[in-house]
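Peer 1: Which chain is which? The protein sequence lines are A and B, in order. In case it helps, the working numbering puts the first sequence at residues 1 to 510. In case it helps, the working numbering puts the second sequence at residues 511 to 877. Note that the Cβ used here is the ideal one computed from N, Cα and C, for glycine as well. The following block contains the structure, expressed as structure tokens.
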Amino acid sequence: MTTPIDTAEPTGPAALELRDVGKAFGAVVALKSATLTVRMNSIHALVGENGAGKSTLVKIVAGLYQRDSGEFRLRGEDVDFRSTAESKAAGIAVIYQEPTLFPDLSVTENIFMGRQPTNRFGRIDRKAMRSEAQGLFERLGVRIDPDRPAEGLSIADQQIIEIAKAISLDARVLIMDEPTAALSGVEVDRLFAVARSLRDEGRALVFISHRFEEVFALCDMITVMRDGSYISTDAISDTSVDEIVRRMVGRDVTDLFPKQETTVGDTLLEVRDLNSAGIFSDISFEVKAGEIVGLAGLVGAGRSEVARAVFGVDGYDSGSVTLKGKAIPKKNPTAAMARGIALVPEDRRKQGLVLDSSVSHNTTMAIRTKLAKMGLITNGAENQAAKVWASRLEVKTASLDTPVGTLSGGNQQKVVLGKWLATHPDILIIDEPTRGIDVGTKSEVHRLLSQLAGEGMGILMISSELPEVLGMADRVLVMREGRITAHLDRSVADAESVMFAATHAEELQP
Amino acid sequence: MSDSTKTTVTPESLNPSGRADAQASVRTYRDYGTPLWRRILLTREMAIIALLLVVIVVAISTVRGFDRPITITYLLLDVAPILLIALPMTLVIITGEIDLSVASIVGLSSVLLGTLTQAGWPLEAAALFALVAGALGGALNGFLITVVGLPSLAVTIGTLALYRGLAVGLLGTTAVTDWPEFWTDLAKDKIGDSPFPVIMIPFVLLAIVFIVLLHFTPFGRGIFAIGLNDEAASFSGVNVARTKFILFVLTGVVSAFAGIYFTLRFGSARGDNATGLELQVIAAVLLGGVSIFGGRGAMHGVIAGVLLIGVLASALRLANVTSDVINIITGVLLVLSVVSASFLAWLSKKRQRPGGRKRGAVSAAQA
Numbered sequence: 001m002t003t004p005i006d007t008a009e010p011t012g013p014a015a016l017e018l019r020d021v022g023k024a025f026g027a028v029v030a031l032k033s034a035t036l037t038v039r040m041n042s043i044h045a046l047v048g049e050n051g052a053g054k055s056t057l058v059k060i061v062a063g064l065y066q067r068d069s070g071e072f073r074l075r076g077e078d079v080d081f082r083s084t085a086e087s088k089a090a091g092i093a094v095i096y097q098e099p100t101l102f103p104d105l106s107v108t109e110n111i112f113m114g115r116q117p118t119n120r121f122g123r124i125d126r127k128a129m130r131s132e133a134q135g136l137f138e139r140l141g142v143r144i145d146p147d148r149p150a151e152g153l154s155i156a157d158q159q160i161i162e163i164a165k166a167i168s169l170d171a172r173v174l175i176m177d178e179p180t181a182a183l184s185g186v187e188v189d190r191l192f193a194v195a196r197s198l199r200d201e202g203r204a205l206v207f208i209s210h211r212f213e214e215v216f217a218l219c220d221m222i223t224v225m226r227d228g229s230y231i232s233t234d235a236i237s238d239t240s241v242d243e244i245v246r247r248m249v250g251r252d253v254t255d256l257f258p259k260q261e262t263t264v265g266d267t268l269l270e271v272r273d274l275n276s277a278g279i280f281s282d283i284s285f286e287v288k289a290g291e292i293v294g295l296a297g298l299v300g301a302g303r304s305e306v307a308r309a310v311f312g313v314d315g316y317d318s319g320s321v322t323l324k325g326k327a328i329p330k331k332n333p334t335a336a337m338a339r340g341i342a343l344v345p346e347d348r349r350k351q352g353l354v355l356d357s358s359v360s361h362n363t364t365m366a367i368r369t370k371l372a373k374m375g376l377i378t379n380g381a382e383n384q385a386a387k388v389w390a391s392r393l394e395v396k397t398a399s400l401d402t403p404v405g406t407l408s409g410g411n412q413q414k415v416v417l418g419k420w421l422a423t424h425p426d427i428l429i430i431d432e433p434t435r436g437i438d439v440g441t442k443s444e445v446h447r448l449l450s451q452l453a454g455e456g457m458g459i460l461m462i463s464s465e466l467p468e469v470l471g472m473a474d475r476v477l478v479m480r481e482g483r484i485t486a487h488l489d490r491s492v493a494d495a496e497s498v499m500f501a502a503t504h505a506e507e508l509q510p
Numbered sequence: 511m512s513d514s515t516k517t518t519v520t521p522e523s524l525n526p527s528g529r530a531d532a533q534a535s536v537r538t539y540r541d542y543g544t545p546l547w548r549r550i551l552l553t554r555e556m557a558i559i560a561l562l563l564v565v566i567v568v569a570i571s572t573v574r575g576f577d578r579p580i581t582i583t584y585l586l587l588d589v590a591p592i593l594l595i596a597l598p599m600t601l602v603i604i605t606g607e608i609d610l611s612v613a614s615i616v617g618l619s620s621v622l623l624g625t626l627t628q629a630g631w632p633l634e635a636a637a638l639f640a641l642v643a644g645a646l647g648g649a650l651n652g653f654l655i656t657v658v659g660l661p662s663l664a665v666t667i668g669t670l671a672l673y674r675g676l677a678v679g680l681l682g683t684t685a686v687t688d689w690p691e692f693w694t695d696l697a698k699d700k701i702g703d704s705p706f707p708v709i710m711i712p713f714v715l716l717a718i719v720f721i722v723l724l725h726f727t728p729f730g731r732g733i734f735a736i737g738l739n740d741e742a743a744s745f746s747g748v749n750v751a752r753t754k755f756i757l758f759v760l761t762g763v764v765s766a767f768a769g770i771y772f773t774l775r776f777g778s779a780r781g782d783n784a785t786g787l788e789l790q791v792i793a794a795v796l797l798g799g800v801s802i803f804g805g806r807g808a809m810h811g812v813i814a815g816v817l818l819i820g821v822l823a824s825a826l827r828l829a830n831v832t833s834d835v836i837n838i839i840t841g842v843l844l845v846l847s848v849v850s851a852s853f854l855a856w857l858s859k860k861r862q863r864p865g866g867r868k869r870g871a872v873s874a875a876q877a
């Protein structure tokens, strides 16, 4: 997979070099062989689908994770960061999508947190600190009052503060992880101007983004990752958006996820003109009996938020949700459950399960009122119900009493599925059905979803894995920045059309 | 879910692994990973109960007069308010919240009882009014915590001062000491010839109600789930806000009831009645094995915890130990119990993961 890439400018060592880096979390392999070489004086784009391993790679560079294998060099020297402090000291700065500043402290205090300049009496030299902050902003060509509190700053300004902090630490490598996701057009332009001036000062920048217009406008080089592996590195002038998209997706997917042909029945779930200010708008779709509807799009496109609103965990401003013609009340998960909607949430460990609680209690959590006889519930009744679902879903656990948090990711997901199938839903909304679970369990989950649809259940499947969406879904909806940008039938949906709708604003019609 | 037109997903029809034999052989699951005796005996609650028994045995054999029935009577009369309030407090703490205003509600309820009977109300009506006031006090706590979204620690520190202020303000430094003898006698009376005071009857009834509520109802399952992970609980259809609101109201009512008992037992309604009682209640609940972080605990442990503190205090008092020393001993016991809990948790975690892998490393797999 890894081809030598030192074709361009072989002068001197690279600012940042990772070669054949591997990283696994238990059974889940996040990185197989990631390679990234970033030259000084350049802005380097790192692109790939969700789950391609970009974030893991960044976290290794930042010192948050330690690699299992491979080489990691900084300006030609081997490095091995065991903490973020070591990474910072070596001149690496990571600017996250949403910076974490101390809201009550001033901008200046945030920049110099933990290393305030002192005068000869050992007291903090506020004047020096302030003028230094002022100097940093002038250098970056931005106007931010150094005395104002960080609270209330726009995300764009918060990122600038983080960049200022990085420069004051003399960071040589700046990694920006989807910095433009929450920025307006003007703010993006300002950020890019700052990025270019940093490059021209001799720093190296890594820019992670899903927006190809921006990548092509800003970057000099581009590296594509897929499935935890390095795919290619090119000068931006030598490639095109189409080429990059093809490399990001690049695999034959249709055979992997066999969805059985089912007869599609009546409309079960109908969502009409759902709006939630700043989160999603004009969401309309329906799910019929026996159908799997895929909801694709990038992370942050608002897919999970729609699912949460439909199920009632969150509210919405306007619109309606009906199931078999009957309205589902707003912001009332209990009512949605009772009418036959189930939601397997995105974050299994935070939203799906009570990790410290037993397999039995978790499996029966959603049906606890139904299990009660004359208002009373016993461990015996719960175990009996849990046993049924655990055995049918083939959950591997030492006992029903085992805390669910000690199970593997795949078995945890089966417990969540069992918990919701036990409610006998008409509509199953499943958010990232196979995230973080091993390949074997993955195909079990897919077979299961297919069987459920075969029995007449309507399934809305949110997934960031394109192959999963394309293989499983009868229809694909694509969301981008809070709107549905494409309705694609199984026959016309392919990787390019979905990726295009997920990254471009223009509306696609089937 | 009574809708008969639902799609019928029967577990029998599923076969995720696709293996032919999977349909035929139903996997068998053990209900529990550990044998029954271990699950019953090797718990924190049992450790407290055992400690309680040890202290009782030692006290009977070494402290003169401890084994007299009158000692039991006075012991129970004294701890009754703590026993009562500990019941709802356990539920509140298991959801991960806390209520520091309980002693002030005791005081307010006492003062209301006093002023209203002084104004000519029959005692029964005044008591009912005090209970309603307690419910309202709890409802205000619940409103500020669940609707406004403030932390319970801050809210109930505020209402601790507010309710106490109202109580002292209503009655000033005076006390109401004129009560129908029937009721003051009843408050101190014993059940027949037994050494147990009459207040144990409502206590046992309430204890049964709270034990069932916590351990044997869907509502109780929700309480534990909220304490461990309120987000997952709300995704499972647990109404987190409503559950907490109900618990604060219940705590208010039971505290008001304890206030009525307190007043009649000592024959005195004062604004400063039961000052500091909230800390004794919380100390006993934590000693009884309830986690201050929520999600863990059992009622039998709490009751043993209250009795342990009561028995210790009573035995030491009989042995002429001064009350400041008693406080020191209770405090040390509480700290030890909390330390031992974290120590045991640390120990079992060490045993489970010999590699000592950090939690973060596991959850990172989902990132």
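(1) Report, in whole angstroms, the separation of the C-beta atoms of A:Val354 and B:Ala742, which I expect to be a contact under 8 Å.
(2) Does the Cβ of A:Gln260 have 16 or more other Cβ atoms within 10 Å, making it buried, or fewer, making it exposed?
(3) What is the DSSP secondary structure of A:Tyr230, counted as helix, strand or coil?
(4) Would you kindly work out how many angstroms separate the C-alpha atoms of B:Thr956 and B:Phe706, rounded to a whole number?
(5) How many angstroms separate the CA atom of A:Phe137 from the CA atom of B:Leu660?
(6) Check whether the Cβ of A:Ile377 lies closer than 8 Å to any Cβ atom in chain B.
(7) Is B:Gly647 buried or exposed, if buried means 16 or more other CB atoms sit within 10 Å of its CB?
(8) Which residue comes first and which comes last in the alpha helix (DSSP H) that contains A:Asn411?
(9) Taking 7 Å as the limit between beta carbons, can you name the residues of its chain near A:Arg199, skipping five residues before and five after?
(10) If you scan the region 157–202 of chain A from start to end, which runs of the beta strand (DSSP E) of 3 or more residues do you find wholly inside it?
(11) Measure the Cβ-Cβ separation of B:Leu797 and B:Ile558 and say whether it is below 8 Å.
(12) Going along the region 711–729 of chain B in order, which residues come within less than 8 Å of chain A, judged by CB to CB distance?
(13) Along chain B, which residues have their Cβ under 7 Å away from the Cβ of A:Gln351?
(14) Do A:Pro146 and A:Ala128 come within 8 Å of each other at the CB atom, strictly closer than that value?
(15) Whose C-beta lies closer than 6 Å to the C-beta of B:Leu828 among residues of the same chain, with five residues either side of it excluded?
(16) Using 8 Å as the limit for Cβ to Cβ distance, is A:Asp494 near chain B?
(17) Could you check the C-alpha separation between B:Ala871 and A:Leu376 for me, to the nearest Å?
(18) Between the Cα of A:Thr56 and the Cα atoms of A:Glu213, A:Leu153, A:Gly228 and A:Ile279, which residue gives the shortest distance?
(19) Do you know whose CA, among A:Ser154, A:Ser464 and A:Asn379, lies nearest A:Val186's CA?
(20) Beta strand (DSSP E) containing A:His487: first to last residue?
(21) Helix, strand or coil, according to DSSP, for B:Val568 in the structure here?
(22) Measure from the alpha carbon of B:Gly668 to the alpha carbon of each residue in B:Ile655, B:Leu680 and B:Gly679, then state which is nearest.
(23) Residues of chain B with a CB under 8 Å from the CB of A:Leu400: which are they?
(24) Listed in chain order, which residues of the region 664–676 of chain B have Cβ atoms closer than 9 Å to some Cβ of chain A?
(25) Classify A:Glu109 as buried or exposed, calling it buried when 16 or more other Cβ atoms lie within 10 Å of its own Cβ.
(26) So, does the CB of B:Leu738 fall closer than 8 Å to a CB anywhere in chain A?
(27) Exposed or buried, what is A:Thr100 when buried is set at 16 or more other beta-carbons lying within 10 Å of its beta-carbon?
(28) Can you name the start and end residues of the beta strand (DSSP E) that A:Asp273 belongs to?
(29) Starting from B:Val602, follow the alpha helix (DSSP H) in both directions and report where the run begins and ends.
(30) So with CB distances below 7 Å, who are the chain A contacts of B:Arg640?
(31) What's the call for B:Asn830, buried or exposed, on a 16-neighbour Cβ count within 10 Å?
(32) Just checking my contact of A:Gly436 with A:Val28 at CB under 8 Å: how many whole Å lie between their CB atoms?
(33) Assign A:Leu18 to one of three DSSP states: helix, strand, or coil.
(34) At what residue ranges does the region 370–395 of chain A contain a whole run of the beta strand (DSSP E), taking only runs of 3 or more?
(35) By the 7 Å beta-carbon criterion, what residues does the region 291–315 of chain A contribute toward chain B?
(36) Can you round the beta-carbon distance between A:Arg172 and A:Ala15 to whole angstroms, since I take them to be within the 8 Å contact cut?
Peer 2: So, from the listed chains and residues:
(1) 5 Å
(2) exposed
(3) strand
(4) What is shown of chain B runs 511 to 877, which leaves residue 956 of chain B out entirely.
(5) 38 Å
(6) Interface residue, yes.
(7) Around the CB of B:Gly647, 16 or more other CB atoms lie within 10 Å, so the residue is classed as buried.
(8) Gly409 to Leu421
(9) Asn41, Ser42, Ile43 and Leu205
(10) 173–177
(11) Closer than 8 Å, so yes.
(12) Residues of the region 711–729 of chain B with a C-beta less than 8 Å from any C-beta of chain A: Val722, Phe726, Thr727 and Pro728, listed in chain order.
(13) Glu741, Ala742 and Phe745
(14) no
(15) Val573, Gly575 and Phe576
(16) no
(17) No answer about B:Ala871 holds up, because its pLDDT of 36 lies below 50 and its placement is not dependable.
(18) A:Gly228
(19) The residue with the shortest Cα to Cα distance from A:Val186 is A:Ser154.
(20) Arg483 to Asp489
(21) Under the three-state reduction of DSSP output, B:Val568 falls in the helix class.
(22) The shortest Cα separation from B:Gly668 among B:Ile655, B:Leu680 and B:Gly679 belongs to B:Ile655.
(23) Tyr539, Arg540, Asp541 and Tyr542
(24) none
(25) Counting Cβ neighbours within 10 Å, A:Glu109 comes out buried, since at least 16 surround it.
(26) yes
(27) exposed
(28) Thr267 to Ser276
(29) Pro579 to Ile604 is the span of the alpha helix (DSSP H), which, as asked, contains B:Val602.
(30) One detail in the question is off: residue 640 of chain B reads as Ala in this sequence, not Arg. Within chain A, no residue comes near B:Ala640; the closest Cβ sits about 29 Å away, beyond 7 Å.
(31) exposed
(32) 6 Å
(33) strand
(34) none
(35) Val313
(36) 6 Å
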